[in-house]
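Trainee:
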Amino acid sequence: MARVTCEVVIAAPVEAVWNVMQNPSRRGEWDFRITGGRFTKEGYPMKGAAFVTTGRLMWPYSFEMEYLTVTPYRQTVVRLVKTHGVPVASGAGSWTYLRDGANTVVRTAFRFELKQPWRFLFDPWLMQPAMYLVTRRSLWKLKRLIESKKVPFA
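Numbered per my numbering, the sequence shown spans residues 68 to 221.
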């Protein structure tokens, strides 16, 4: 099972960072893997709410996720409900937001497990470092987007 943890400091209030990150329709603005997203159950982050994100690396894929825990402006925890187009068997993750003066520290942690036979061949020796680099790149893109102030936060 691959586990990935990353952190980034963003020069913006936690509310602004939360509003961008917790809106699935904005995910493609900062996560280069994602081409679209939307809520499928409820319309905002809350326990039991669900969302889907779609993307394309070498081929199209999607992840259906469900919120397990939501503490506004502090943390969200999600679990993977279903995947299409990728050999991921299970997964879960969290986003934690820490106020640091005028800045926000965002910590993301997730784990996932590939389906067989992919698990034996690639997980975690290849997938963990690859997903770390991909996640790090997306967090830096998020930082640049929010700090540029070109995009409204509401």
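Backbone N, C-alpha and C define an ideal beta-carbon position, used for all residues, glycine too.
Note that the structure is a prediction, hence the values are computed from the model and not measured.
Would you kindly check if the distance between the Cβ of G122 and the Cβ of T102 is under 8 Å?
Mentor: In this structure, G122 lies closer than 8 Å to T102 by Cβ.
Trainee: Within its chain, find whatever has a CB closer than 6 Å to the CB of T72; leave out the 5 residues flanking it on each side and keep chain order.
Mentor: Taken in chain order, the residues that qualify are A176.
Trainee: For M264, name the three-state secondary structure that DSSP assigns.
Mentor: Coverage of the chain is limited to positions 68 through 221, which leaves residue 264 absent and any answer about it impossible.
Trainee: Three Cβ pairs or more, each shorter than 8 Å: is that satisfied between the segment 123–133 and the segment 142–149?
Mentor: Short answer: they touch.
Trainee: Rounded to whole angstroms, what is the Cα-Cα separation between D167 and V137?
Mentor: Roughly 20 Å separates the two Cα atoms.
Trainee: V144 and S161 look like a contact to me (Cβ under 8 Å); what is the Cβ gap, rounded to whole Å?
Mentor: Indeed, because the Cβ distance is near 5 Å, the residues count as touching under 8 Å.
Trainee: Near A156, which residues of its chain fall below 7 Å by C-beta distance, leaving aside the five closest residues on each side in sequence?
Mentor: So the list reads E180, L181 and K182, once near-sequence residues are dropped.
Trainee: Just mark G110 as buried or exposed, buried being the case when its beta carbon has 16 or more other beta carbons within 10 Å.
Mentor: The residue is exposed, with fewer than 16 neighbouring Cβ atoms inside 10 Å.
Trainee: Check whether the Cβ atoms of A78 and A169 sit closer than 8 Å, and answer yes or no.
Mentor: Going by C-beta atoms, A78 is nearer than 8 Å to A169.
Trainee: Mind checking F99: buried by the 16 CB within 10 Å criterion, or exposed?
Mentor: Classification for F99: exposed.
Trainee: Taking only the alpha-carbon atoms, compute the straight-line gap between V119 and E96 and give it to the nearest angstrom.
Mentor: Going from the Cα of V119 to the Cα of E96 covers about 15 Å.
Trainee: Which of helix, strand or coil does DSSP assign to W162?
Mentor: In this structure, W162 counts as strand in the three-state DSSP scheme.
Trainee: Where I213 and Y134 are concerned, what is the direct C-alpha to C-alpha distance, given to the nearest angstrom?
Mentor: Near 24 Å, if we compare the C-alpha coordinates of Y134 and I213.
Trainee: Just the C-alpha distance for W207 and V75, rounded to the nearest angstrom, thanks.
Mentor: Approximately 7 Å between the Cα atoms of the pair.
Trainee: In angstroms, rounded to a whole number, what distance separates the CA positions of R70 and S215?
Mentor: Distance between the alpha carbons of R70 and S215 is about 31 Å.
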